[in-house]
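So the structure is just underneath, and the comments pick up after that.
Numbering (our numbering), first residue to last: 41 to 209.
As structure tokens, this is what we get:
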């Protein structure tokens, strides 16, 4: 079993952070030592045996902190078990169907050999930072569309893969 897993994330209003922390909690409960850390504050990934990277989606792009993290750490990430997640749709679509990664994320996934990607629903509520975010909320199109059952199940699948991969490898 991996010694340590990193869940790095890029978020503006905290929604993606909560998803990352949920993933880390599930992995820890499954016996996998895991840390959830904002992507902008990670300086080294060498001490982690596997990595999950997540970013909120803004105008069809991953959060800048997630993009920069993957660019900075790409060489090391390519040699580790690696999963990506996105968060963003402000409707039930992410629970109802598989939403493919946005083009920029898809290109990085291919280059780094990412094992899987999932898009989770987003959350944008009163007090959100940013002009566009506040406009979305004030127009009545905000809300919390995260499905924590879906998030926990995806994290449990990662934990199973890590544990079984270590036993068979």
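The beta carbon of each residue, even a glycine, is placed where N, CA and C say it ideally should be. It should be emphasised that the depicted structure is a prediction, and the values quoted were computed from it without experimental measurement.
Beta-bridge partners of residue i, as assigned by DSSP
i, result
"residue 127", "96 and 160"
"residue 83", "Its beta-bridge partners do not exist; DSSP assigns none."
"residue 88", "Residue 88 is not bridged to any residue."
Pair within 8 Å by beta-carbon distance, residue i and residue j
i, j, result
"residue 66", "residue 196", "yes"
"residue 157", "residue 124", "yes"
"residue 152", "residue 128", "no"
Unbroken alpha helix (DSSP H) run spanning residue i, endpoints
i, result
"residue 143", "143-152"
"residue 61", "55-69"
"residue 134", "133-136"
"residue 168", "Element bounds for residue 168: n/a, residue is neither H nor E."
"residue 114", "104-117"
Element boundaries [beta strand (DSSP E), containing residue i]
i, result
"residue 180", "Element bounds for residue 180: n/a, residue is neither H nor E."
"residue 74", "74-78"
Own chain partners of residue i with C-beta closer than 7 Å, once the 5 adjacent residues on each side are dropped
i, result
"residue 218", "The question about residue 218 has no answer here: the residues shown for the chain are numbered 41 through 209."
Neighbourhood of residue i by C-beta distance below 8 Å, restricted to the same chain and skipping five residues each side
i, result
"residue 187", "134, 135, 160 and 161"
"residue 57", "49, 51, 76 and 78"
_Assess contact between the region 117-127 and the region 77-95, defined as three or more Cβ pairs (one per stretch) separated by less than 8 Å. Is contact present?_
Touching, yes.
*asked:* Between the region 174-189 and the region 142-149, can you find at least three pairs of beta-carbon atoms closer than 8 Å?
replied: In short, these stretches do not touch, since the Cβ pair count stays below three.
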